[in-house]
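All residue numbers for the sequence shown refer to the working numbering, where the first residue is 7 and numbers rise by one. Quick notes on the structure that follows.
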Amino acid sequence: MSEARLTVTSAATQPFNCVIALKAGSTFLRNLVWVLDHGQPFSADNRSFPAQLPSRELTREELAAEVSFFVLRDPVERFFSLYFDKAIGDETTRFGWIAETLKANRTFHDGPDLTLDQHRENCHALTLYIKARLRGHADGPINPHWSRQITRMQGALRFGLQPLLLERLEPQLLQIAGGRIPALEAALDMVKSRNRTPRAVSAGDILTPALYADIVALYPEDIELYDLVKTGWEMLGHPPEIKL
Numbered sequence: 007m008s009e010a011r012l013t014v015t016s017a018a019t020q021p022f023n024c025v026i027a028l029k030a031g032s033t034f035l036r037n038l039v040w041v042l043d044h045g046q047p048f049s050a051d052n053r054s055f056p057a058q059l060p061s062r063e064l065t066r067e068e069l070a071a072e073v074s075f076f077v078l079r080d081p082v083e084r085f086f087s088l089y090f091d092k093a094i095g096d097e098t099t100r101f102g103w104i105a106e107t108l109k110a111n112r113t114f115h116d117g118p119d120l121t122l123d124q125h126r127e128n129c130h131a132l133t134l135y136i137k138a139r140l141r142g143h144a145d146g147p148i149n150p151h152w153s154r155q156i157t158r159m160q161g162a163l164r165f166g167l168q169p170l171l172l173e174r175l176e177p178q179l180l181q182i183a184g185g186r187i188p189a190l191e192a193a194l195d196m197v198k199s200r201n202r203t204p205r206a207v208s209a210g211d212i213l214t215p216a217l218y219a220d221i222v223a224l225y226p227e228d229i230e231l232y233d234l235v236k237t238g239w240e241m242l243g244h245p246p247e248i249k250l
């Protein structure tokens with residue numbers, strides 16, 4: 007029987023492997039892989055990224071011998087990134103059908119000058135829509151922009167990839183690399199900015215206890231995994247070992 011393998015996004019010229027989830031630093035990671043292989047940025051536009059990157063199928067032992075990791079994002083912050091980017095973002099980023107679907111079935115406000123209460127009503131409507139999608143109450147595949155991170159990361163956990171936090175990605179990545187990729191620090195400097203959607207108001211201003219509970223109910227496993235990884239890094243100073 008052949009040994010189990012995991013498909014990872016890899017740099018062609020460096021011992022660098024990662025599992026990428028959307029809305030969890032995916033644009034940044036794709037551009038970082040490009041810079042590691044090409045020595046220059048893919049584009050001056052921080053929203054652009056290479057669509058095709060090298061991938062490999064590696065064993066657990068092969069992954070452990072290289073810099074192999076996955077990135078987790080705070081599930082609450084990830085939800086708000088989805089909301090600002092794909093639900094009410096500008097025409098270049100938004101999924102227009104989200105607003106149209108929500109307007110047809112629930113209360114949803116559109117426009118540049120929404121009040122906090124209107125944002126909260128929008129977010130509540132979005133949580134109900136995602137809840138229905140995650141529970142299979144609508145046809146079609148689940149969009150990876152709002153799928154659970156744990157769904158994408160289960161393979162990474164089984165194969166022992168090291169968990170990093172998006173908000174601490176650069177220093178944690180440099181730490182686990184341990185000098186094995188000499189060009190890594192320079193590459194991180196070249197990928198200067200992340201794909202961040204401008205926000206007229208902060209997530210903290212919109213968030214209420216009720217909305218927080220709605221988001222937690224969507225992503226309970228993600229919340230648990232994120233808290234385990236965050237606490238592990240804070241207490242141990244290195245990636246915690248997570249077992250499913």
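Yeah, the Cβ is synthetic: ideal placement off N, Cα and C, and Gly gets one too.
The alpha carbon of residue 80 has as its nearest neighbour, out of 249, 246, 59, 234, the alpha carbon of 234. Under the 10 Å beta carbon count, residue 69 is surrounded by 16 or more other beta carbons and is classified as buried. The Cβ-Cβ distance between residue 111 and residue 120 does not fall below 9 Å. Taking each of 195, 185, 166, 225 in turn and checking the Cα distance to residue 248, the smallest one comes out for 166. Secondary-structure assignment with DSSP links residue 170 through a beta bridge to 77. Note: residue 62 is bridge-paired with 14 in the DSSP secondary-structure output. The DSSP-derived three-state label of residue 41 is helix. Of the residues 213, 88, 8, the one whose Cα lies closest to the Cα of residue 99 is 88.
In this chain, the alpha helix (DSSP H) harbouring residue 111 covers 102-111. Per DSSP, the unbroken beta strand (DSSP E) holding residue 25 starts and ends at 22-25. Around the C-beta of residue 219, fewer than 16 other C-beta atoms lie within 10 Å, and the residue is accordingly described as exposed. Contact check for residue 60 and residue 30: beta-carbon distance about 20 Å, past the 8 Å limit, so the pair fails to qualify.
Within the same chain, 37, 40, 54, 55, 56 come within 7 Å of residue 48 by CB-CB distance, once the 5 residues on both sides are set aside. In the three-state DSSP reduction, residue 84 falls in the helix class (H, G or I).
For the 9 Å CB-CB criterion, residue 228 and residue 122 do not form a contact. Here the alpha carbons of residue 44 and residue 22 stand approximately 14 Å from one another. With a beta-carbon spacing of about 12 Å, residue 182 and residue 246 fall beyond the 8 Å limit used to define contacts. For residue 239, the enclosing alpha helix (DSSP H) begins and ends at 226-242.
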